[in-house]
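Notes follow once the structure below has been shown.
Residue numbers (this note's numbering): 87 to 1280.
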């Protein structure tokens, strides 16, 4: 009887707590206070941070047993941008009013047994507001087990389905349950995030084993109160950390800290009534992405009239870059791209109709449209190409850019498919190649970012391939194989197999070029279906009847599939019995290169190859370079998480003069990702055949003879058939083939016809006449967006954390040529008139360059930005002014480099890290706070470490040292050098203020401000008016030199000039001469026909005389040539000419003077008896030949 009573009692207790899940009674409203905080910065106190605070109330009412209504009220938002724990947040009073039309609408959701189900909301509620609701509902996602206190499971949440650890403790005295759950965001079955610009990268698993660049975790704490039929949340809080570092996480990382708090306030006896509008299913608790990539973190753009804003921005960019590139132009270019992302087709058409006839605006528009990466942009480009509104060059540039910048989706893939069928595209070989290869690239990008990679995407290419095989169209087969290789779709393996040289198939009769492309197409498929590719590649490698080149290519593909120990051992055993030394040498060298890999990139393959090397004979290592080789090298730093790998394949044949194929490829590793950067391959089939038609090429002979034989053999290229290329090459960028070409007979004939055609000559003459009559002035600008990589990660608050990297550059050149003619020429003057005309061309060239890179982390929403930014800026400008005087008839040419007004720094770069806050209340205003507060930095007196001075170069160094006690991170250093020969001083300055005093790591050294600059300025008091170079050619070139050389001078004059040269070493003013002499003959042959002089004129010089020499003169004459003479022979006439013209303007100390005199005395003693007789003889030889060198001063 007692047992029955006990059982009933236990059943009653269990029934009272039958559900360990929050419950909401019908007819009542539960009110909760909700606080949220997101802060981004470094974890240390006292540094700059940016973030947002918010608090509000949430009201929950139950409509029925499983459907509840949720409403938000009393919203308050504060922004923070300043020094952590010192500054205070600022209230943003307008944001709640801006959000009120959406936040005043309640939403519905299903809730049963602690699980949040479907969520319903009207269309008027944006995804941004709905995700904020989900952040609050995430608290009520509970899976409490009655029989376990500690357990883990994969639980669905706003960040995805992630591993969650529960710990449940019951506080009997306080009548409450304490629950803790921790979500590991790095271990998820379904991780919710979105990437942009990472389609060409792949995750490096081995790189992330030791350290991860990105980590996240969220810890929840609950205080639960048991109530009849369930529990009630009285208080709960969340502490979530998301940290990122471009380097190893062990050396510091930036972080975003999210803190949430929910406190139960009261139960009201009223209910919430949903709005009388239609509610739609809007997903589950998981974060829903919408237009996150339309919110740029670089500037807050409030769109009012999009087309007008784009026009104003275009006008601003063109106006402020007319003479040189403005430092802020890269940022403005990124802003233009962002606005074009929001544009519809009508907006683009309006812009095109306005600017298509304005070259400056047209260029910027055509460069920015493909960079926007939208489907609308691709459709616009397609329409303009089909309508022939773009030139061939413009079409090639925009299409090539669109392939890699447009976001891949089914619609863009369909657009490329329609372009493939367009007759105008197919009529141009270059456009056809870009479109077809781009079609495969778009499929690859889409399949990388989406799990739903349909086989229908590659079926059109598979159909084209089958038709080309049936018709025997070799070039089309190769093109379609390359397209399937770019796509990398596993379903393409069957189609590619049909053109492979597998034994017993019809494809064995296809040309070897087709087989090569089929094997190369396996590389991208191997990344997704490595096992299937391994089986096929191994089958080809083991077939000894195949061409050795095909077997070696199969070996390359095998190693790209990350082979196992068993597979590599199988290859090693096959090499032991291999009869073809080319294949054996190639496989052995590949294994040996991989076995030397000591990094974390390919540890398993390297270890397997190390074992395989013990199976193989070391005799294979002694094979010469006549045999095929594979070379692999890599370097990786776990500290920086950066690395690079390079591979070179050299495929040879015993019967060939040149290697049959050479391939080089590079691979980069960064921030836990890997990417194939560049691959270039060259084949020389037809070239081999052409060279071997002349057997004498292979005979042993001297180098000149061999070169003549090779040139003679290549001159027979016309005997090649049209379908046999001399050579071929291809280029891959980020694993995608972007271009290939066959250098064949028709291509060479077209190039010769184009170069020698009358149209080219006519165009060249027209340009020359235009330049001489009216001058030339043009401005060319090229904007480029190098990088846009973004990752957005939802947090437990329902707000996003964004990690982004933007990089853009703008290069420009302004060229102005102003002609001055001695006589007026008519518009259609014959070119012979130039012989009777003195021409002066004044040219001004102003090239400039600006680049900006932004690394961003923080919260980016449509109503506010709270971010930490690291900005790298670089700009350079180098103006020049050159005057050229041309007397064609007399053969007299004079070039002058004139002084120009240059900026203070011709090159400058900076790295700055700061926090920034923006909001929609005042979108044009942003608050910026340096990460390092200004009070941390202190100034110290400058100490001159060294100051070396010489007559032609001066180097000084200034440094501000750190105070070891206070560890102030302030460092400045400056190097300067003076070159008096040209009157200029060059200085390089570097200054840094960083956070290395906190942690001396790479990341903290980047935090702060770093600046570097390079400047070139005139030396004070020694400014140079101009630099001159004069060249005289022809028979009259000797007249000027004869006037400068007095052949009646005695030996004393010669030795006096030599003495001055020996003394000029201290001033670094050198003059050397050259001649070519025989062993003992007095006859010397000169092979020069030009007269040149290089001089500079100083503004401090009071007289200009080319026949006088003063020790304090600021003019110098320089001449440089080469001399080959023994100590027993004298110098040539040209040497003496240089000696006579050399002058020295420096003073010498007594010790150096005595050494110079001793050297001069020894020289005089050795050559005194020969100098004059040799000099007269060689001067007579010079008169006969009229070929001279001379350097004279202005």
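Quick reminder that beta carbons are idealized off the backbone N, C-alpha and C, glycines included.
For residue 869, which residues from the same chain have a beta carbon less than 6 Å from its beta carbon, with the 5 sequence-adjacent residues on both sides left out? In the chain shown, the residue the question calls residue 869 occupies position 783. Take residue 869, set aside five residues on each side of it, and the residues of its chain with a beta-carbon closer than 6 Å to its own are 419, 453, 896, in chain order.
Beta carbon of residue 228, beta carbon of residue 108: below 8 Å? Taking the chain shown and counting its residues from 1, the one referred to as residue 228 is at position 142. Taking the chain shown and counting its residues from 1, the one referred to as residue 108 is at position 22. Taking 8 Å as the Cβ cut-off, residue 228 and residue 108 qualify as a contacting pair.
When 601, 187, 471 are compared against residue 216, the one with the closest alpha-carbon: Translated into the one-based positions of the chain shown, residue 216 becomes position 130. Among 601, 187, 471, the Cα nearest to that of residue 216 is on 187.
Does DSSP classify residue 679 as helix, strand or coil? To locate residue 679, count along the chain shown from 1; it is residue 593. Helix.
Using a threshold of 8 Å, state whether the C-beta atoms of residue 672 and residue 715 are closer than that. On the chain shown, position 586 is the one that residue 672 refers to. On the chain shown, position 629 is the one that residue 715 refers to. Yes, the pair counts as a contact, with Cβ atoms nearer than the cut-off.
Here's the rule: buried if 16 or more other CB atoms are within 10 angstroms of the residue's CB, otherwise exposed. What is residue 682? Within the chain shown, numbered from 1, the residue matching residue 682 stands at position 596. Its Cβ having fewer than 16 others within 10 Å, residue 682 is exposed.
Taking the DSSP output, what are the residues bridged to residue 940? Here residue 940 corresponds to residue number 854 of the chain shown, with the count starting at 1. According to DSSP, residue 940 bridges with 892, 957.
Does the region 114-133 come close enough to the region 1059-1073 that 3 or more CB-CB pairs lie under 8 Å? no
Counting only the same chain and skipping the five closest in sequence on each side, list residues whose C-beta sits under 7 Å from that of residue 465. Taking the first residue of the chain shown as position 1, residue 465 is located at position 379. Contacts found: 431, 501.
Where the beta strand (DSSP E) containing residue 240 begins and where it ends: Your numbering for residue 240 matches position 154 in the chain shown. First-last of the beta strand (DSSP E) with residue 240: 236-243.
Closest to residue 273 by CA distance: which of 247, 853, 736 is it? On the chain shown, position 187 is the one that residue 273 refers to. Per the Cα distances, 247.
Hey, residue 760 and residue 290 are a contact pair by Cβ (cut 8 Å); roughly how many whole angstroms apart? For the purposes of this step, residue 760 is taken as residue 674 along the chain shown, with counting starting at 1. For the purposes of this step, residue 290 is taken as residue 204 along the chain shown, with counting starting at 1. Between residue 290 and residue 760 the Cβ distance is about 4 Å, and since that is below 8 Å, they are a contact.
Residue 952 and residue 165 - do their beta-carbons sit closer together than 8 Å? Translated into the one-based positions of the chain shown, residue 165 becomes position 79. Translated into the one-based positions of the chain shown, residue 952 becomes position 866. In contact: residue 165 and residue 952 (Cβ atoms closer than 8 Å).
Excluding sequence positions up to five away, which residues of its chain have a Cβ less than 8 Å from the Cβ of residue 702? Taking the first residue of the chain shown as 1, we reach residue 702 at position 616. So the list reads 658, 661, 662, 674, 677, once near-sequence residues are dropped.
How do the region 1079-1089 and the region 1105-1119 stand: do at least 3 beta-carbon pairs fall below 8 Å, yes or no? Contact fails between the region 1079-1089 and the region 1105-1119, because fewer than three Cβ pairs, one in each stretch, are under 8 Å apart.
Please list the terminal residues of the continuous alpha helix (DSSP H) segment that includes residue 651. For the purposes of this step, residue 651 is taken as the residue at position 565 of the chain shown. First-last of the alpha helix (DSSP H) with residue 651: 651-662.
Which parts of the region 469-555 are runs of the alpha helix (DSSP H), unbroken and 4 residues or longer, counting only runs that do not cross its ends? Listed in chain order, the alpha helix (DSSP H) elements of length 4 or more contained wholly in the region 469-555 are 478-491, 496-506, 509-513, 515-535.
Three-state secondary structure (DSSP) at residue 407? Residue mapping note: residue 407 aligns to position 321 of the chain shown, counting from 1. The answer is coil: DSSP assigns residue 407 none of H, G, I, E or B.
One or two residues paired with residue 969 in a DSSP bridge: Locating residue 969 in the chain shown gives position 883, counting from the first residue. Partner(s): 928, 982.
Measure the alpha-carbon distance for residue 1058 versus residue 463 and round it to whole angstroms. Here the question's residue 1058 lines up with position 972 in the chain shown. Here the question's residue 463 lines up with position 377 in the chain shown. Going from the Cα of residue 1058 to the Cα of residue 463 covers about 47 Å.
Can we count residue 687 as close to the ligand MN, meaning its CB is less than 7 Å from some heavy atom? The ligand content of the structure shown is nil, which means the ligand MN is not present either.
Per DSSP, residue 630 is paired with what? Here residue 630 refers to the residue found at position 544 of the chain shown. Partner(s): none; residue 630 has no beta bridge.
Quick one: what does DSSP say residue 906 is sitting in, helix, strand or coil? To locate residue 906, count along the chain shown from 1; it is residue 820. Here residue 906 sits in strand by DSSP.
Just to confirm before moving on: does the CB-CB distance between residue 1286 and residue 264 stay below 8 Å? The structure shown does not extend to residue 1286, since the chain is modelled only from 87 to 1280, so the question has no answer here.
Nearest-angstrom Cα distance between residue 1096 and residue 994? One-based indexing of the chain shown puts residue 1096 at position 1010. One-based indexing of the chain shown puts residue 994 at position 908. So the two alpha carbons sit approximately 11 Å from each other.
On the DSSP bridge assignment, give the partners of residue 310 in chain order. Numbered from its first residue, the chain shown carries residue 310 at position 224. Answer by DSSP bridge pairing, in chain order: 263, 319.
Range of the contiguous beta strand (DSSP E) that encloses residue 696: The residue you call residue 696 lines up with position 610 of the chain shown. From DSSP, residue 696 is part of no beta strand (DSSP E) but of the alpha helix (DSSP H) over 689-701.
Candidates 389, 150, 300, of which the one nearest residue 1009 by Cα: The residue you call residue 1009 lines up with position 923 of the chain shown. Relative to residue 1009, the option among 389, 150, 300 whose CA is nearest is 389.
With H, G and I counted as helix, E and B as strand and the rest as coil, what does DSSP make of residue 1087? Numbered from 1 along the chain shown, position 1001 holds the residue referred to as residue 1087. Reduced to three states, the DSSP call for residue 1087 is coil.
Quick one, are the C-beta atoms of residue 147 and residue 189 less than 8 Å apart? The residue given as residue 147 occupies position 61 in the chain shown. The residue given as residue 189 occupies position 103 in the chain shown. Going by C-beta atoms, residue 147 is not nearer than 8 Å to residue 189.
Where the alpha helix (DSSP H) through residue 199 begins and ends: The count along the chain shown starts at 1 and reaches residue 199 at position 113. For residue 199, there is no enclosing alpha helix (DSSP H), as DSSP gives it neither H nor E.
Closest to residue 299 by CA distance: which of 728, 218, 583 is it? The count along the chain shown starts at 1 and reaches residue 299 at position 213. The candidate whose alpha carbon is nearest that of residue 299 is 728.
Is residue 722 closer than 8 Å to residue 334 when the C-beta atoms are compared? Counted from its first residue, the chain shown places residue 334 at position 248. Counted from its first residue, the chain shown places residue 722 at position 636. Going by C-beta atoms, residue 334 is not nearer than 8 Å to residue 722.
Here's a check: name, in chain order, each residue in its chain whose Cβ is nearer than 7 Å to the Cβ of residue 577, leaving out the five neighbours to either side. Walking along the chain shown from the start, residue 577 turns up at place 491. Cβ neighbours of residue 577 beyond the five flanking positions: 541, 544.
Going by DSSP, name the residue or residues bridged to residue 79. Because the chain in this structure spans residues 87 to 1280, residue 79 falls outside the shown range and cannot be described.
Short of 6 Å in beta carbon distance, which residues of its chain neighbour residue 1241, apart from the five on each side in sequence? Order them along the chain. Position 1155 of the chain shown holds residue 1241. Since pLDDT at residue 1241 reaches only 46, below the 50 mark, its modelled position is unreliable, and no value is offered.
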